[in-house]
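So the sequences go chain by chain: A and B.
For reference, each letter of the first sequence is one residue, going 122 to 591 in my numbering.
For reference, each letter of the second sequence is one residue, going 27 to 274 in my numbering.
One structure is given below, encoded as structure tokens.
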Amino acid sequence: MPEDKTIQELGLEEYKYGFRDPEEYFFKTPRKGIDPEIVAMISKHKNEPEWMLEFRLNALESFLEKPTPQWGGDLNELNYDDIYYYIRPMENQGRSWEDVPDDIKNTFDKLGIPQAERDILAGVGAQYESEVVYHSLKEEWEKAGVVFLDMDGGLREHEDLVREHFGTIIPPDDNKFAALNSAVWSGGSFVYVPPGVHIDIPLQAYFRINAENMGQFERTLIIADEGSYVHYIEGCTAPTYTTNSLHSAVVELIAKPNARIRYSTIQNWSHNTYNLVTKRAVAHENATVEWVDGNLGSKLTMKYPAVYLVGEGARGEVLSVAYAGYGQHQDAGGKIVHAAPNTSSLITSKSISKGTGRSTYRGLLKVHEGAESARSRVECDALLLDENARTDTYPYIEIEEKKVSTEHEATVSKVGEDQLFYLMSRGLSEEEAMAMVVNGFIEPIAKELPLEYAIELNRLIQLEMEGSVG
Amino acid sequence: MLKIENLHAEIGGNEIIKGLSLEVGRGEIHAIMGPNGSGKSTLSNVLMGHPRYEVTEGSVTFEGQDVLELEPDERAKLGMFLAFQYPSEVPGVSVANFMRTAVNSVREEELPPMEMYKLLQEKMRVMRMDPKFAERYLNEGFSGGEKKRNEILQMLMLEPKLAIMDETDSGLDIDALQVVARGVNEMRGPEFSAVLITHYQRILRYIEPDRVHVMLDGQLVTSGGKELAEELEDKGYDWVRQEFGSVA
Numbered sequence: 122m123p124e125d126k127t128i129q130e131l132g133l134e135e136y137k138y139g140f141r142d143p144e145e146y147f148f149k150t151p152r153k154g155i156d157p158e159i160v161a162m163i164s165k166h167k168n169e170p171e172w173m174l175e176f177r178l179n180a181l182e183s184f185l186e187k188p189t190p191q192w193g194g195d196l197n198e199l200n201y202d203d204i205y206y207y208i209r210p211m212e213n214q215g216r217s218w219e220d221v222p223d224d225i226k227n228t229f230d231k232l233g234i235p236q237a238e239r240d241i242l243a244g245v246g247a248q249y250e251s252e253v254v255y256h257s258l259k260e261e262w263e264k265a266g267v268v269f270l271d272m273d274g275g276l277r278e279h280e281d282l283v284r285e286h287f288g289t290i291i292p293p294d295d296n297k298f299a300a301l302n303s304a305v306w307s308g309g310s311f312v313y314v315p316p317g318v319h320i321d322i323p324l325q326a327y328f329r330i331n332a333e334n335m336g337q338f339e340r341t342l343i344i345a346d347e348g349s350y351v352h353y354i355e356g357c358t359a360p361t362y363t364t365n366s367l368h369s370a371v372v373e374l375i376a377k378p379n380a381r382i383r384y385s386t387i388q389n390w391s392h393n394t395y396n397l398v399t400k401r402a403v404a405h406e407n408a409t410v411e412w413v414d415g416n417l418g419s420k421l422t423m424k425y426p427a428v429y430l431v432g433e434g435a436r437g438e439v440l441s442v443a444y445a446g447y448g449q450h451q452d453a454g455g456k457i458v459h460a461a462p463n464t465s466s467l468i469t470s471k472s473i474s475k476g477t478g479r480s481t482y483r484g485l486l487k488v489h490e491g492a493e494s495a496r497s498r499v500e501c502d503a504l505l506l507d508e509n510a511r512t513d514t515y516p517y518i519e520i521e522e523k524k525v526s527t528e529h530e531a532t533v534s535k536v537g538e539d540q541l542f543y544l545m546s547r548g549l550s551e552e553e554a555m556a557m558v559v560n561g562f563i564e565p566i567a568k569e570l571p572l573e574y575a576i577e578l579n580r581l582i583q584l585e586m587e588g589s590v591g
Numbered sequence: 027m028l029k030i031e032n033l034h035a036e037i038g039g040n041e042i043i044k045g046l047s048l049e050v051g052r053g054e055i056h057a058i059m060g061p062n063g064s065g066k067s068t069l070s071n072v073l074m075g076h077p078r079y080e081v082t083e084g085s086v087t088f089e090g091q092d093v094l095e096l097e098p099d100e101r102a103k104l105g106m107f108l109a110f111q112y113p114s115e116v117p118g119v120s121v122a123n124f125m126r127t128a129v130n131s132v133r134e135e136e137l138p139p140m141e142m143y144k145l146l147q148e149k150m151r152v153m154r155m156d157p158k159f160a161e162r163y164l165n166e167g168f169s170g171g172e173k174k175r176n177e178i179l180q181m182l183m184l185e186p187k188l189a190i191m192d193e194t195d196s197g198l199d200i201d202a203l204q205v206v207a208r209g210v211n212e213m214r215g216p217e218f219s220a221v222l223i224t225h226y227q228r229i230l231r232y233i234e235p236d237r238v239h240v241m242l243d244g245q246l247v248t249s250g251g252k253e254l255a256e257e258l259e260d261k262g263y264d265w266v267r268q269e270f271g272s273v274a
């Protein structure tokens with residue numbers, strides 16, 4: 122069998138602990154850390170084709186070689202050997218509602234999350250009861266030829282299509298964490314939209330939620346064929362309790378000519394996790410890709426959704442909201458690369474810092490020679506909610522073409538004493554007044570989200586500000 | 027309804043209000059007139075509880091309750107309202123959204139959305155404001171006149187028991203002035219009191235005051251009926267200074 126051969130090549134002819142069946146061994150004594158054996162087990166467990174196993178193993182090499190980046194947030198406490206990269210020990214899997222921290226439970230109450238969802242979000246692992254809703258939508262999509270599966274399923278059922286595109290937008294050696302994800306990825310979505318098909322209802326990842334999909338190393342690939350439209354929503358706003366200390370996802374989007382993809386995320390991982398994500402899209406002729414990116418949780422997030430405009434007339438937008446509360450660092454922004462003429466782009470970043478929170482805007486605008494008549498606008502606004510809050514801006518601008526127009530605006534503001542007084546004089550408490558100011562600050566981005574997400578985003582920020590979450 | 031006794035207030039170590047006393051009864055409209063620097067705005071800010079000002083002596087009671095210990099929102103809930111001279115901008119928050127939150131903050135029971143909508147439309151009609159105005163972001167890009175009208179619109183929506191109007195007439199043309207006056211006169215009644223703080227006599231032609239006071243150097247130096255306002259218009263503030271001096 123091909124898998125055995127590979128294990129042999131790795132020098133693991135004998136199973137170390139005397140178990141006959143490697144899978145049984147693996148599940149009975151899961152261990153931390155990463156090595157070729159673990160990667161091989163993951164691939165074998167999923168019954169993957171040989172090329173994917175090779176892909177993973179090459180990526181692992183890349184991961185082990187590359188140093189931890191020092192230019193962003195502080196990653197020096199991240200201990201790669203102290204992480205379960207695939208299967209967690211039995212104790213964790215048997216987690217019950219009682220084990221979930223009180224503040225998370227309280228937030229669920231305040232947000233009115235139904236019990237079934239709470240179980241999922243808390244990693245307790247129950248099945249989501251709205252499968253019924255999902256199934257009827259699924260029928261409609263299937264009739265239109267839309268493929269919406271988890272990534273494992275995508276690889277199984279559409280191997281050729283996946284193989285053609287997987288890792289082409291974000292090569293495994295792009296950066297250390299893309300390499301890691303490429304080695305141990307599990308879960309995530311595979312979406313294919315046929316030419317001319319417009320999907321009106323947003324595709325939502327949580328429809329398919331199960332314990333694995335809430336994973337640390339999700340891998341998503343979305344292909345929008347010519348003239349199609351899809352809006353994909355990843356995750357949800359409720360705080361996601363996890364013992365995982367590292368989340369490292371990879372998302373690749375391909376928008377073929379005249380297609381449009383909008384990808385929205387509100388991330389709210391618990392405050393003990395590192396959230397290091399690589400998201401990149403390629404937009405062909407007259408195609409549009411929009412990233413709507415909300416970062417509320419995690420201890421440190423490093424995420425710069427990117428759009429590479431490779432076809433004439435393509436457009437890319439990144440709308441980013443980040444909230445950094447006590448002890449948090451949101452290092453976010455966007456990257457736009459203009460590699461064709463008549464392309465346009467917009468980056469709008471709104472960041473909020475409170476207490477010892479630190480929010481950083483890091484953005485790249487690159488215009489290649491030959492990208493004539495490129496038009497770009499970057500607007501990054503920061504709001505500091507109190508004395509110790511901190512914000513930084515690192516815009517990188519590389520323009521290699523003369524006939525372009527670019528604008529860049531950056532503002533930093535505080536909630537003014539007069540502003541607060543004005544609102545409080547109308548009966549709003551100090552918290553309500555602050556929340557209203559913040560609400561207004563993020564409004565240009567919140568209004569791009571579907572209503573229920575916009576409402577949850579606002580409520581969640583309000584709760585974060587009251588200090589009742591995380 | 028409002029009783030101010032020997033109020034002293036300062037900012038940054040400078041005393042601005044130097045022993046001011048005033049009583050405003052239920053259903054009464056008072057005007058306070060004074061030149062620049064007399065402390066008029068300071069008075070209105072102190073009454074509403076602006077954190078930057080410190081009260082060093084005296085008391086302010088509203089309906090028998092000491093308000094100096096209360097936060098601005100608590101005072102608003104009691105029924106006090108301040109129409110600002112320079113209203114703050116709140117980007118991204120629509121007038122409608124803001125009104126809804128403010129109205130529900132001061133009411134005991136929340137008003138259902140449809141009722142709220144109808145109320146807002148009705149009051150906007152009184153103030154001769156285009157309904158589209160409700161969609162604009164609070165005070166952002168508003169002309170001076172629009173800001174002042176918006177203050178009065180808020181007053182009509184919040185239905186306070188006491189309205190302090192800080193130079194609401196400044197910068198308004200005749201039409202806007204008349205609309206503002208209409209709004210205030212709409213509220214007039216046995217349960218509504220107002221303190222109109224102004225530089226000019228003009229607005230008092232449209233809103234007839236029950237009492238007129240003159241403020242100089244942080245104190246009220248003289249009071250009278252509405253004829254006092256006319257006399258002041260004729261003779262100017264220097265006359266007041268000579269006649270009544272400042273008792274600083």
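C-beta atoms are modelled at their ideal positions from N, C-alpha and C, and glycine is treated no differently.
For MET555 of chain A, the enclosing alpha helix (DSSP H) covers residues 551–567. Segment contact: the region 219–235 of chain B against the region 144–154 of chain B, fewer than three CB-CB distances shorter than 8 angstroms; contact not assigned. The DSSP-derived three-state label of LYS400 of chain A is strand.
For GLY476 of chain A and ARG483 of chain A, the gap between their C-alpha atoms comes out near 21 angstroms.
Between the C-alpha atoms of VAL351 of chain A and PHE218 of chain B there is a straight-line separation of about 57 angstroms. In the three-state reduction of the DSSP assignment, ASP202 of chain A falls in the helix class.
Take the alpha-carbon of ASP203 of chain A and the one of ASN416 of chain A: they are about 25 angstroms apart.
Contact between the region 91–103 of chain B and the region 538–553 of chain A is present: three or more C-beta pairs spanning the two stretches fall below 8 angstroms. Taking a contact to require three or more Cβ pairs closer than 8 angstroms, the region 76–95 of chain B and the region 257–266 of chain B do not qualify as touching. At a Cβ-Cβ threshold of 7 angstroms, SER67 of chain B and ASP201 of chain B do not count as neighbours.
Each of A:ASN302, A:LEU485, A:LEU276, A:ILE566 was checked against the Cα of VAL499 of chain A, and the nearest Cα belongs to A:LEU485. Every unbroken stretch of the alpha helix (DSSP H) spanning 4 or more residues and falling wholly within the region 132–159 of chain B is given here in chain order: 139–152. Per DSSP, the continuous beta strand (DSSP E) segment holding ASN32 of chain B begins and ends at 28–37. Listed along chain B, the residues sitting closer than 8 angstroms to ASN560 of chain A by beta-carbon distance are GLY118, VAL119. For LEU198 of chain B, no alpha helix (DSSP H) run applies, since DSSP gives it neither H nor E. Sorting A:ALA408, A:ALA376, A:ALA443, A:ASN379 by C-alpha distance to the C-alpha of GLN388 of chain A places A:ALA443 at the top. ASP264 of chain B is classed as exposed because its beta carbon has fewer than 16 other beta carbons within 10 Å across all chains shown. Remark: three or more beta-carbon pairs, one from each stretch, lie closer than 8 angstroms, so the region 400–413 of chain A and the region 363–382 of chain A are flagged as touching. At a cut-off of 7 angstroms, the C-beta of GLU564 of chain A has a neighbouring C-beta in chain B. Taking each of B:LYS174, B:PHE110, B:LEU182, B:LEU188 in turn and checking the Cα distance to GLY197 of chain B, the smallest one comes out for B:LYS174. Cα atoms of ALA376 of chain A and GLU411 of chain A: separation of roughly 11 angstroms, rounded to the nearest angstrom. ASN197 of chain A sits in coil when the DSSP states are folded into three classes, being neither helix nor strand.
Taken through DSSP and simplified to helix, strand or coil, VAL205 of chain B comes out as helix.
Not one beta carbon of chain A lies nearer than 7 angstroms to the beta carbon of VAL266 of chain B. Using beta-carbon distances, ALA255 of chain B does not count as an interface residue toward chain A, since no partner is under 7 angstroms. Taking HIS450 of chain A as the centre and dropping the five residues before and after it, the same chain places the C-beta of GLY194, LEU421, ARG479 closer than 6 angstroms to its C-beta, in chain order. Pairing GLN245 of chain B with THR194 of chain B, the inter-Cα distance amounts to about 21 angstroms.
In this structure, the straight-line span from the alpha carbon of VAL205 of chain B to that of ARG154 of chain B is close to 7 angstroms. Of A:MET272, A:PRO292, A:PHE298, the smallest CA-CA separation from LEU199 of chain A is found for A:PHE298.
In the displayed model, LYS259 of chain A falls within a helix according to three-state DSSP. Contact note: SER131 of chain B reaches chain A through ARG547, GLY548, LEU549, using a C-beta cutoff of 7 angstroms and chain order. In the DSSP assignment, ALA531 of chain A falls within the unbroken beta strand (DSSP E) covering 526–535.
Looking at the backbone, the Cα of MET27 of chain B and that of LYS424 of chain A are separated by about 58 angstroms. Judged by DSSP secondary structure, ILE520 of chain A falls within the beta strand (DSSP E) whose first and last residues are 511–520.
No residue range can be given for HIS76 of chain B, since it is assigned to no alpha helix (DSSP H) and is classified by DSSP as neither H nor E. Listed by position along chain B, the residues whose Cβ is nearer than 8 angstroms to that of GLN540 of chain A are SER114, GLU115, VAL116.
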